[in-house]
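For the sequence shown, my numbering assigns the number 198 to the initial residue and increments by one for each residue that follows.
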Amino acid sequence: QRVEIKRSDLMGTWGAGVFENDAASDWLGHLEKLGFIAIPTPLSVIGEYAARKKTIPADVEQSFWAMCEVVGIAGGLANPSQVTDYRATISREAERILKIPNLKRRILWALERLEGEATELEELWESAGEGEAFRLHRDRAKNAALEVLKQSE
198 QRVEIKRSDL MGTWGAGVFE NDAASDWLGH LEKLGFIAIP TPLSVIGEYA ARKKTIPADV
258 EQSFWAMCEV VGIAGGLANP SQVTDYRATI SREAERILKI PNLKRRILWA LERLEGEATE
318 LEELWESAGE GEAFRLHRDR AKNAALEVLK QSE
């Protein structure tokens with residue numbers, strides 16, 4: 198099933214990078230307010246869409262990749278310069294982030310849902326001619342999170 202993406206869907210997004218959109222910025226604001234408790238939120242939202250057999254919206258996926266990047270930063274495997282304003286929060290919450298029960302299993306489950314077919318977000322970046330840049334940022338965030346969680350097992 199092909200999702201039609203209009204150029205106007207790029208509103209709130211200024212680049213293909215993990216933190217170059219409003220959804221990631223909003224999620225970082227939740228992280229600042231709630232601490233490590235904000236980490237599972239994108240996973241829960243993906244679960245809700247998957248349970249209803251609905252397409253996962255681009256903004257939900259953007260928040261998920263931001264969460265993966267933060268997990269990578271918490272474990273020292275991603276570049277914290279992208280989130281300069283939140284570095285102190287991530288550092289303070291790092292130990293608790295890495296001890297969230299079943300985090301790796303939940304991330305793997307979400308990845309299975311997102312990697313099963315072309316997503317709305319990926320199609321958005323393909324239609325904008327930046328699919329490769331998006332995939333590079335996405336894969337870096339995914340790999341950092343998974344590597345950190347593998348090491349903390």
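Glycine included, every Cβ here is placed at the ideal spot set by N, Cα and C.
- Contact between Trp322 and Gly313 fails: their C-beta atoms lie close to 18 angstroms from each other, not under 8 angstroms.
- Sequence-distant Cβ neighbours of Pro277 in its own chain, meaning closer than 6 angstroms and more than five residues away, are Ile270 and Arg284.
- With contacts defined by Cβ atoms closer than 8 angstroms, Ile253 and Glu317 form a contacting pair.
- Put simply, the segment 227–244 touches the segment 261–270. At least three CB pairs are less than 8 angstroms apart.
- Shown here for Asp256: same chain residues with a beta carbon closer than 7 angstroms to its own, the five before and five after excluded, namely Ala220 in chain order.
- In this structure, the alpha-carbon of Leu308 lies about 26 angstroms from that of Lys230.
- As the crow flies, the alpha-carbon of Glu320 is around 15 angstroms from that of Gly214.
- Ala341 sits close to Glu266, with the two beta carbons spaced by under 8 angstroms.
- Ranked by Cα distance from Lys301, the first of Leu333, Lys339 and Thr281 is Lys339.
- A distance below 6 angstroms between beta-carbons, with the five flanking residues on each side excluded, links Tyr246 to the following residues of its chain, in chain order: Ile253.
- Only exposed fits Ala248, as fewer than 16 other CB atoms lie within 10 angstroms of its CB.
- In this structure, Phe216 sits near Val280, with a CB-CB distance shorter than 8 angstroms.
- If you draw a 10 Å sphere on the C-beta of Glu350, you find fewer than 16 other C-beta atoms in it, and that means exposed.
- The alpha helix (DSSP H) runs of length 4 or more contained entirely in the segment 303–335 are, from start to end of the chain, 317–324.
- Residue state for Asn299 is assigned as coil, using DSSP reduced to three classes.
- Cβ-Cβ distances below 8 angstroms link Leu228 to Ala235, Ile236, Val267, Tyr283, Thr286, Ile287 and Glu290 in the same chain, with the five nearest sequence neighbours on each side left out; the list follows chain order.
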